[in-house]
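Read in full-length UniProt numbering, the sequence shown has 45 at position 45, and its numbers run on one by one without any break. Below is one structure, written out as structure tokens, with a few remarks after it.
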Amino acid sequence: MREQGLRPGDPDWEKWGICDYITKPRVQAAITGKTPNEQPIKGNYRFTDEFPMSDGFEENAEFFTLTYEAEKSVSHNLAFVRIAPLLWLRAGARGERIEKIPTKGWEVTDAYGLLLDVDQATPFIEAIDTVAHGHVRVKPAS
């Protein structure tokens with residue numbers, strides 16, 4: 001692939017990588033019970049209860065691409081869309097994810113909150129109080 005001028009990170013390189021070409025399709029097939037060509041998977045799972053592989057699982061999966069982000073881009077909120085999944089994962093990977101910088105200066109979900117404008121601390125704290133039920137952990141930006 002290097003002879004074709006491709007490098008890691010190029011879409012045509014990545015589509016043949018172990019993650020995009022092998023891992024993701026296998027995980028998706030196990031969960032959905034269908035091959036990438038939408039054909040039912042043949043066979044049975046034989047755990048405690050035997051069931052057809054074509055039934056898939058109730059679980060789900062989401063794939064993320066980890067990138068290096070410059071410190072200044074992160075500290076100036078220029079990379080927020082790319083680090084948002086990390087914040088969600090750090091908070092336990094459950095519930096809604098804060099995908100973009102909130103225009104009101106803060107946002108709260110069932111699992112975590114984000115305060116960007118300290119002048120908005122009062123409504124932020126009030127919002128936390130409605131969802132946190134006394135379970136709050138503060139992680140200051142470093």
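Backbone N, C-alpha and C define an ideal beta-carbon position, used for all residues, glycine too.
Using the C-alpha atoms, what's the distance from residue j back to residue i?
i           : j           : result
residue 82  : residue 129 : 28 Å
residue 34  : residue 15  : 20 Å
residue 75  : residue 102 : 15 Å
residue 24  : residue 88  : 21 Å
residue 126 : residue 43  : 53 Å
residue 61  : residue 20  : 14 Å
Can you check which of these residues, the options, is closest to residue i by C-alpha distance?
i           : options             : result
residue 116 : 100, 20 and 131     : 100
residue 80  : 55, 93, 114 and 123 : 114
residue 40  : 55, 26, 27 and 49   : 55
Leaving out five residues on either side along the sequence, give the residues of the same chain with a beta carbon under 7 Å from the beta carbon of residue i.
i          : result
residue 17 : none
residue 57 : 30 and 31
residue 7  : 13
Under the assumption that residue i contacts residue j (Cβ atoms under 8 Å), give the Cβ distance between them as a whole number of angstroms.
i          : j           : result
residue 91 : residue 112 : 4 Å
residue 95 : residue 110 : 4 Å
residue 85 : residue 64  : 5 Å
Tell me which residues share the same chain as residue i and place their Cβ nearer than 6 Å to its Cβ, disregarding the 5 neighbours each side in the sequence.
i           : result
residue 105 : 116, 117 and 120
Please confirm whether any heavy atom of the ligand NAD lies closer than 6 Å to the CB of residue i.
i          : result
residue 58 : For the structure depicted, the ligand NAD is absent and the ligand set is empty, with no information on it obtainable.
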